Amino acid sequence: RKKVTLASLRKLRSEQTPITMMTAYDYPTALLTHSSGIDMTLVGDSLSQVALGHYNTNQITLDEMIHHCKAVARGAKTPFIISDMPFGSFEASVQHGVESAVRLVKEGYVDGVKIEGGREIIPLVKRLTEVGIPVMPHLGLQPQRATSLSGYMVQARSSGAAKELYETAVALQQAGAFALLLEAIPHKVASYITDKLDLLTIGIGAGPGTSGQVLVASDVLGVFPTEEEAEVAATEHGQQLQAVKVAKFVRRFGNVGSESRRAVREYIEAVRSGGFPEIGKETYMIAKEEWDEFE
Ligand code: KIV
Ligand code: NA
Numbered sequence: 305r306k307k308v309t310l311a312s313l314r315k316l317r318s319e320q321t322p323i324t325m326m327t328a329y330d331y332p333t334a335l336l337t338h339s340s341g342i343d344m345t346l347v348g349d350s351l352s353q354v355a356l357g358h359y360n361t362n363q364i365t366l367d368e369m370i371h372h373c374k375a376v377a378r379g380a381k382t383p384f385i386i387s388d389m390p391f392g393s394f395e396a397s398v399q400h401g402v403e404s405a406v407r408l409v410k411e412g413y414v415d416g417v418k419i420e421g422g423r424e425i426i427p428l429v430k431r432l433t434e435v436g437i438p439v440m441p442h443l444g445l446q447p448q449r450a451t452s453l454s455g456y457m458v459q460a461r462s463s464g465a466a467k468e469l470y471e472t473a474v475a476l477q478q479a480g481a482f483a484l485l486l487e488a489i490p491h492k493v494a495s496y497i498t499d500k501l502d503l504l505t506i507g508i509g510a511g512p513g514t515s516g517q518v519l520v521a522s523d524v525l526g527v528f529p530t531e532e533e534a535e536v537a538a539t540e541h542g543q544q545l546q547a548v549k550v551a552k553f554v555r556r557f558g559n560v561g562s563e564s565r566r567a568v569r570e571y572i573e574a575v576r577s578g579g580f581p582e583i584g585k586e587t588y589m590i591a592k593e594e595w596d597e598f599e
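My numbering numbers the first residue of the sequence shown as 305 and each following residue consecutively.
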């Protein structure tokens with residue numbers, strides 16, 4: 305398979321083949337996106353919560369993002385790799401934003417960057433485009449603003465807010481953005497933006513009318529238990545699981561979490577019962593004469 309490029313992504317859009325994007329924060333997941341033929345791999349700042357256990361996305365640093373980008377780049381050889389610009393790495397000035405994006409490309413080996421924001425990021429989008437870094441602004445629900453918005457809520461539900469979102473999208477395309485990430489907005493608004501603009505639109509909670517879809521890998525795989533699964537695990541196995549709320553827009557395509565928990569449970573049982581390791585099968589031998597001499 306060949307490396308995915310901006311040209312091949314644009315070709316997918318023009319052929320109306322939906323673009324597939326999934327997050328990866330480490331080498332094994334990056335390999336999975338690569339070997340499965342995912343078009344775009346996102347080192348999302350969701351890794352702050354999903355991979356590092358932080359309370360929100362704002363706690364991750366640029367250095368930590370770069371550390372994970374490096375690992376992802378080693379595994380995701382063919383997908384187009386995008387990194388989030390973490391909170392605090394671009395707001396202070398265009399210069400600071402350029403320096404941070406250059407570090408993600410130079411030290412993290414990513415192909416482009418995603419930046420949460422609206423009109424206020426236009427100068428940065430322009431500058432990054434001028435210096436040759438592909439930019440994907442992230443509109444709609446912006447988790448880095450969850451505190452100032454008092455939570456994670458669907459955006460652009462009023463005619464005024466939808467109009468503002470559309471006009472911002474137009475301005476960001478003019479500034480040079482190659483794609484937009486649209487999160488948690490009415491599907492009609494996302495389809496409208498996709499139809500009116502030329503850039504790529506990648507949606508999450510934005511319906512089927514965008515040029516592509518993105519999901520967080522742990523959601524696709526079903527890594528974290530739901531409240532229901534946590535209750536079952538508590539009654540059946542006495543396990544205390546950290547349950548997560550699954551957003552309306554998520555579809556779990558697997559249940560890797562329950563498989564992982566089963567495997568670890570059986571490992572523990574096998575060790576405690578003396579069933580693992582098994583002599584001859586999972587052990588090394590020493591030749592009889594060597595043993596006799598030793599003993
Ligand atoms: O950080 C992330 O994983 C994201 C996606 C949810 C779009 O921004
Ligand atoms: Na993000």
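Beta carbons are placed, not taken as given, at the ideal position from N, Cα and C, and that holds for glycine.
Values in this document were obtained by computation on a predicted structure and should not be read as measured data.
What are the boundary residues of the beta strand (DSSP E) that includes residue 446? DSSP places residue 446 outside any beta strand (DSSP E), giving it a letter other than H or E.
DSSP bridge partner residues for residue 506 (one or two, in chain order): Per DSSP, 485 and 516.
How should residue 326 be labelled, buried or exposed, when 16 other C-beta atoms within 10 angstroms of its C-beta is the threshold for buried? With 16 or more Cβ atoms within 10 Å of its Cβ, residue 326 is classed as buried.
Could you give the uninterrupted runs of the alpha helix (DSSP H) lying entirely in the stretch 355-422, keeping only those of 4 residues or more? Secondary structure in the stretch 355-422: the alpha helix (DSSP H) runs of 4 residues or longer, each lying completely within the stretch, are 366-379 and 398-410 in chain order.
On the DSSP letters alone, give me the boundaries of the beta strand (DSSP E) that residue 347 sits inside. Element bounds for residue 347: 344-347.
Considering only C-alpha positions, which residue in the set 486, 420 and 387 is nearest to residue 406? Answer by Cα proximity: 387.
To the nearest angstrom, how far is it from the Cα of residue 576 to the Cα of residue 525? Distance between the alpha carbons of residue 576 and residue 525: 30 Å.
Using a 10 Å radius around the Cβ and a threshold of 16 neighbouring Cβ atoms, would you call residue 457 buried or exposed? Burial call: exposed.
Within 6 Å: the Cβ of residue 495 and any heavy atom of ligand 1? Residue 495: no, Cβ never under 6 Å from ligand 1.
Using CA atoms only, rank isn't needed, just tell me which of 502, 396 and 333 is closest to residue 315. When only C-alpha atoms are compared, the closest one is 502.
Using beta-carbon positions only, say whether residue 324 and residue 343 come within less than 7 Å of one another. In this structure, residue 343 lies closer than 7 Å to residue 324 by Cβ.
Do the stretch 527-535 and the stretch 504-516 meet, that is, are 3 or more Cβ pairs less than 8 Å apart? Short answer: they don't touch.
When 400, 414, 453 and 412 are compared against residue 427, the one with the closest alpha-carbon: The candidate whose alpha carbon is nearest that of residue 427 is 400.
Using 6 Å as the cut-off, classify the Cβ of residue 412 as near or not near the heavy atoms of ligand 1, replying yes or no. For residue 412, the Cβ stays outside the 6 Å cut-off from all heavy atoms of ligand 1.
Going by alpha carbons, who is nearest to residue 445 out of 438, 432, 460 and 437? Answer by Cα proximity: 460.
Could you say if the stretch 487-494 and the stretch 431-449 meet the contact criterion of at least three C-beta pairs nearer than 8 Å? Because the criterion of three Cβ pairs below 8 Å is met, the stretch 487-494 and the stretch 431-449 touch.
Please determine, among 328, 333, 422 and 550, the residue with the shortest C-alpha to C-alpha distance to residue 466. Looking at 328, 333, 422 and 550, the one whose alpha-carbon comes closest to that of residue 466 is 422.
Start and end of the beta strand (DSSP E) containing residue 498? It is not in any beta strand (DSSP E) - residue 498 instead sits in the alpha helix (DSSP H) that spans 491-500.
Boundaries of the beta strand (DSSP E) in which residue 323 is found, first to last residue: Residues 323-327.
Let me confirm a value: residue 598 is counted as buried when at least 16 other C-beta atoms fall within 10 Å, else exposed. Which label applies? The residue is exposed, with fewer than 16 neighbouring Cβ atoms inside 10 Å.
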